[in-house]
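Student: This note's numbering applies: residue 12 is where the sequence shown begins, and numbers increase by one.
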Amino acid sequence: MMAGTIYANTRDHDRDLAIYVARAGQTYAEVAKQFNLSPSTIGAVCRRLKAERTYQIYLEGEAGERQPVAVVVTHKGFTAACVAAFREYGEYFRNLGCPGWRLTDGTSYNTLETVRKIAARTADRAVETKGALL
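This is the structure:
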């Protein structure tokens with residue numbers, strides 16, 4: 012694992028960074044015109060980037076041994092980081108049936124079963140939303 016950084020809960024992180032950098036010294040309206048977006052979108056991007064945190068996610072076994080999984084950047088918190096890592100490396104985690112396995116950043120943790128349930132629930136919601144748009 013550990014292929015690279017996962018940017019969770021963002022569509023285009025590079026664009027968001029460019030907006031955030033352009034925001035220095037300019038109003039939301041000026042940046043919005045430059046990127047052909049609404050000022051409220053510029054504000055949302057800036058708030059999201061200010062709230063971003065980086066999580067080093069590890070897989071921890073029952074005996075406490077840790078294996079690095081991924082570095083996840085998200086503005087939604089630790090659980091969202093775990094779900095992003097789970098989705099990225101789903102094939103690997105599907106083969107782990109041990110109830111004692113969990114994802115941790117060293118201070119917080121989520122069991123694999125909890126992350127599995129959250130990922131399934133949010134995937135179901137995405138399918139429902141996508142179906143409603145068709």
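Every residue gets a Cβ at the ideal spot worked out from N, C-alpha and C, and that includes glycine. Values in this document were obtained by computation on a predicted structure and should not be read as measured data.
1. Counting C-beta neighbours from all protein chains within 10 Å, is the total for Leu107 16 or more, i.e. buried, or is it exposed?
2. With Thr115 and Glu71 assumed to form a contact (beta carbons below 8 Å), what rounded beta-carbon distance in angstroms separates them?
3. Taking all protein chains shown into account, decide if Ala19 is buried (16 or more other Cβ within 10 angstroms of its Cβ) or exposed.
4. In the DSSP assignment, the beta strand (DSSP E) including Thr52 goes from what residue to what residue?
5. Does the pairing of the segment 47–57 with the segment 90–97 give three or more beta-carbon distances under 8 Å?
6. To the nearest angstrom, how far is the alpha carbon of Lys128 from that of Gly111?
7. Check Ala35 in the structure and name its three-state DSSP category.
8. Give the straight-line distance between the Cα atoms of Gln45 and Thr122, rounded to the nearest whole angstrom.
9. Out of Ile30, Glu63, Thr16, Gln67, state which residue places its alpha-carbon closest to the alpha-carbon of Pro79.
10. CB Phe89 to CB Ser51, shorter than 8 Å?
11. Gly117: which of Thr133, Tyr69, Arg64 sits nearest, CA to CA?
12. Would you say the beta carbon of Gln67 comes nearer than 7 Å to a heavy atom of the ligand ADP?
13. Taking buried to mean at least 16 other C-beta atoms within 10 Å of its own C-beta, is Thr85 buried or exposed?
Tutor: Once the coordinates are examined:
1. exposed
2. 5 Å
3. buried
4. Thr52 -> not in any beta strand (DSSP E); alpha helix (DSSP H) instead, spanning 50–62.
5. no
6. 16 Å
7. Ala35 falls in the coil class under three-state DSSP.
8. 44 Å
9. When C-alpha distances from Pro79 are compared across Ile30, Glu63, Thr16, Gln67, the shortest belongs to Gln67.
10. Result no, Cβ atoms of Phe89 and Ser51 do not sit closer than 8 Å.
11. Selected option, being the one with the closest Cα: Tyr69.
12. The ligand content of the structure shown is nil, which means the ligand ADP is not present either.
13. Its Cβ being crowded by 16 or more others within 10 Å, Thr85 is buried.
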